[in-house]
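Down below is the structure, laid out as structure tokens.
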Amino acid sequence: MTSATDHVGETRVAIRTGPAATLRQDAWWIAPLVTVVVLGGFVLYGLWVTFINEDYYAEPYLSPFFSPCLADNCEHQTAEVVGDWWNLSPALLILPAPLGFRLTCYYYRKAYYRAFLWSPPACAVGDVRARYAGESRFPLILQNVHRVFFYLVLPFPFILLYDGIRAFDFADGFGMGVGTLVLLVNAVLLGAYTLSCHTCRHLCGGHVDSFSKSPRRYRAWQLVSFLNERHMQIAWVSLFGVALTDLYVRLVATDVIRDLRFF
Ligand code: FES
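According to the numbering used here, the residues represented by the sequence shown are 150 to 412, in order.
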């Protein structure tokens, strides 16, 4: 920790500088702490469900961590894409796309740079590192791959919606349970998260010079902008949505709870 001096009125005061130094009096550390707990907890939970590789299907519900399930060793296969040579968790086949999308998300970047790297921990709080190069150099310049991940995850909300529709198809016929609702809500939340992405907003209208000549694009841009302004909130809610949907399916699959059937 170093210090500097500044003038406040006629008085010379010492100002701390360096990592986490700040004049802020509020509890600025709460937001990074919550991020560490929630985001860190989600990553650990995701790794755990991926590697234990069981109890992710409770007919007719499939956990979103394993959807689409593409390998022969799936508890419930969505499509036959990968043969029996694959003997690892089928979640590993699809995880890179949604995980990469979340990790390179502009909002999450801000959140985990602050929470995990303390770079900086909060506004007007000292950075841990002496120099700041932004994302202009390797390895952080690779974060620009976000727009590629956007294209890769575009099918996922539709696939999860398909899972939600299949969740009406019970062994004894057409029906609807709490799990059906849970899967459908999760698909909608992930769709909202994807649509609210900055890349999506740019694609819809960010590069259009004159909206008056592109009224459809303008309407799409308005809709996406509405979601984009709420991107942070949607990012968190959809994150909880994925984890809680998996948890629900898992608890039903292991007979810890019984799925309530509406009809
Ligand atoms: S900016 Fe967050 S998902 Fe694209």
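Note that beta-carbon positions come from the ideal geometry of N, C-alpha and C, so glycine has one too.
Boundaries of the alpha helix (DSSP H) in which residue i is found, first to last residue
| i | result |
| --- | --- |
| residue 385 | 380-402 |
| residue 343 | 327-344 |
| residue 408 | Segment: none, residue 408 is in no alpha helix (DSSP H) and carries neither H nor E. |
| residue 371 | 364-377 |
| residue 257 | 255-264 |
| residue 301 | 295-302 |
| residue 247 | 245-252 |
| residue 347 | 347-350 |
| residue 194 | 179-201 |
Contacts around residue i, its chain only, beta-carbon distance under 7 Å, and the 5 residues preceding and following it disregarded
| i | result |
| --- | --- |
| residue 224 | 205, 206 |
| residue 334 | 390 |
| residue 386 | 338 |
| residue 326 | 408, 409, 410, 411 |
| residue 306 | 336, 339, 340, 343 |
Separation of residue j from residue i, as counted between CA atoms
| i | j | result |
| --- | --- | --- |
| residue 150 | residue 278 | Unreliable positioning characterises residue 150 in this predicted model, as indicated by a pLDDT of 49, which lies under 50. A coordinate reading is not provided. |
| residue 368 | residue 352 | 13 Å |
| residue 178 | residue 189 | 16 Å |
| residue 350 | residue 409 | 39 Å |
| residue 363 | residue 372 | 15 Å |
| residue 323 | residue 312 | 14 Å |
| residue 171 | residue 209 | 53 Å |
| residue 192 | residue 378 | 25 Å |
| residue 396 | residue 361 | 47 Å |
| residue 176 | residue 218 | 44 Å |
| residue 253 | residue 380 | 14 Å |
| residue 220 | residue 232 | 6 Å |
| residue 343 | residue 329 | 21 Å |
| residue 174 | residue 404 | 49 Å |
| residue 261 | residue 317 | 38 Å |
| residue 346 | residue 202 | 30 Å |
| residue 356 | residue 402 | 47 Å |
| residue 216 | residue 314 | 13 Å |
| residue 257 | residue 321 | 43 Å |
| residue 375 | residue 309 | 23 Å |
Own chain residues within Cβ distance below 8 Å of residue i, not counting five before or after
| i | result |
| --- | --- |
| residue 348 | 295, 296, 299 |
| residue 267 | 168, 169, 181, 276, 277 |
| residue 199 | 214, 238, 240, 241, 244 |
| residue 222 | 233, 235, 236, 239 |
| residue 185 | 264, 265 |
| residue 127 | Beyond the ends of the chain as shown, which are 150 and 412, falls residue 127; an answer cannot be given. |
Exposure label - residue i; buried when at least 16 CB within 10 Å
| i | result |
| --- | --- |
| residue 251 | buried |
| residue 234 | exposed |
| residue 197 | exposed |
| residue 281 | exposed |
| residue 358 | exposed |
| residue 302 | buried |
| residue 285 | exposed |
| residue 304 | exposed |
| residue 331 | buried |
| residue 383 | buried |
Residue i beta carbon near the ligand FES (any heavy atom closer than 7 Å)
| i | result |
| --- | --- |
| residue 184 | no |
| residue 254 | yes |
| residue 375 | no |
| residue 295 | yes |
| residue 394 | no |
| residue 347 | yes |
| residue 305 | no |
| residue 319 | no |
| residue 250 | yes |
| residue 130 | As displayed, the chain neither begins before 150 nor continues past 412, which places residue 130 out of reach and without an answer. |
| residue 299 | yes |
Cβ-heavy atom distance, residue i to the ligand MG, below 7 Å
| i | result |
| --- | --- |
| residue 380 | Judged by which ligands are present, the ligand MG is missing from the structure shown, whose ligands are the ligand FES. |
Beta-carbon contacts of residue i that lie in its chain and below 6 Å, excluding the five residues immediately before and after
| i | result |
| --- | --- |
| residue 399 | 204 |
| residue 269 | 276 |
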